[in-house]
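Sequential numbering from 6 applies to the sequence shown in this note's numbering.
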Amino acid sequence: DIFQKAVPDMAFRGKTYLADAMLSVAALHLRSQEPTDKALVQASHAYSASALAAYVETLNSGITAGNAEALFLTASLIAFQATAQRIFIKDDTETTGNDGASRYTTPMAWFHAF
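Printed below as a string of structure tokens:
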């Protein structure tokens with residue numbers, strides 16, 4: 006019930022970073038169902054970037070009793086997103102069809118579980 010009601014309620018009451026993190030994970034999940042849908046790739050990345058930007062801005066303003074839960078939940082979703090998107094690394098680093106140039110490849114081996 007927490008992720009069905011409490012977390013969305015919190016997200017839609019002004020915690021946009023939490024809403025964007027939820028939408029980023031949702032787009033990633035949909036992408037797992039439709040791996041070739043480029044719109045889902047863009048949505049997942051766009052919501053992730055938006056969540057991170059707002060999250061950092063809020064962190065820089067300070068953790069308070071009013072934002073601590075939302076920041077914790079957002080951090081959890083960011084960590085999940087970063088881990089779960091690893092299944093798409095090969096798809097995201099393939100060459101483009103237009104010019105044959107490779108995209109930047111994130112050195113994922115640097116980010117491993119301890």
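Glycine included, C-beta positions come from ideal geometry on N, C-alpha and C.
Just so it is clear, the structure is predicted and the values come from calculations on it, not from any experiment.
Local Cβ density within 10 Å of residue i, reported as buried at 16 or more and exposed below that
i                : result
alanine 58       : exposed
asparagine 72    : buried
alanine 87       : exposed
alanine 70       : exposed
serine 66        : exposed
glutamine 38     : exposed
phenylalanine 17 : exposed
Residue i - containing alpha helix (DSSP H), residue span
i            : result
proline 13   : 12-16
glutamate 62 : 43-66
glutamate 74 : 73-89
alanine 32   : 21-38
Contacts around residue i, its chain only, beta-carbon distance under 7 Å, and the 5 residues preceding and following it disregarded
i          : result
alanine 11 : none
serine 49  : Ser29, Ala32, Leu33 and Arg36
Cut-off 8 Å between Cβ atoms - residues of its own chain near residue i, not counting five sequence neighbours on either side
i            : result
alanine 80   : Tyr60
aspartate 25 : Tyr52, Ser53, Ser55, Ala56 and Ala59
Beta-carbon separation (whole angstroms), residue i vs residue j, contact threshold 8 Å
i            : j             : result
alanine 56   : isoleucine 92 : Between isoleucine 92 and alanine 56 the Cβ distance is about 20 Å, and since that is not below 8 Å, they are no contact.
glutamate 74 : methionine 15 : 7 Å
leucine 76   : leucine 64    : 7 Å
Would you call the stretch 31-50 and the stretch 9-22 in contact, with 3 or more CB pairs under 8 Å?
-> Result no; under three Cβ-Cβ pairs closer than 8 Å.
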